[in-house]
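Have a look at the structure below, then the notes.
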Amino acid sequence: MGIFTYEYEVIIEIPPVKMFKACIFDGENLIPKVVPDQAFKGIDYIEGNGEPGSIKKITFEKASHYMVEKVEASDKDELVYSYSVIEGSGFMNKLEKITYETKLEPSSTGGSISKISCKYYTIGDFGITEE
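With the sequence shown counted from 1, adding 1085 to any position gets you my numbering.
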């Protein structure tokens, strides 16, 4: 097993607290409206209700694709949210999981800097390149 880490930052015009609330607490209602081309069919909790340890299944319209996510951490004071994709159609035979961590910080212009880390946990000798 190997771990490939990819990190990047995104500048957003929305203040960090407002962005965190919109994406984390209201995300299940907001994201399908903001990104309609992803064609979300449904978001259902298998365990929990959004707190760390919760597991949810996201189903997409196209070809019955889905993914199962586990909430790893959620800190509204530090504006940090982490989750892992632990199951899904199409790629999980090569990956054990993918863990995403997002931290929002204030920018000098009143918006946010979203610092995102993605860790891909591969199975066997499967490798991932930056390409």
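For glycine and all other residues, C-beta sits at the position ideal for the given N, C-alpha and C.
Here the structure is a predicted model, which is why all the values come from computation and not from measurement.
Asked                                                                                      : Found
Distance between beta carbons of residue 1198 and residue 1186, contact taken as under 8 Å : Not quite, the Cβ-Cβ distance comes to about 14 Å (not below 8 Å), so this is no contact.
For residue 1184, the nearest candidate out of 1200, 1196, 1141, 1156 (CA to CA)           : 1156
Strand pairing of residue 1180, partner residues [DSSP]                                    : 1207
With 16 other Cβ atoms within 10 Å as the buried cut-off, status of residue 1105           : buried
Test item: CB-CB of residue 1143 and residue 1132 under 7 Å                                : no
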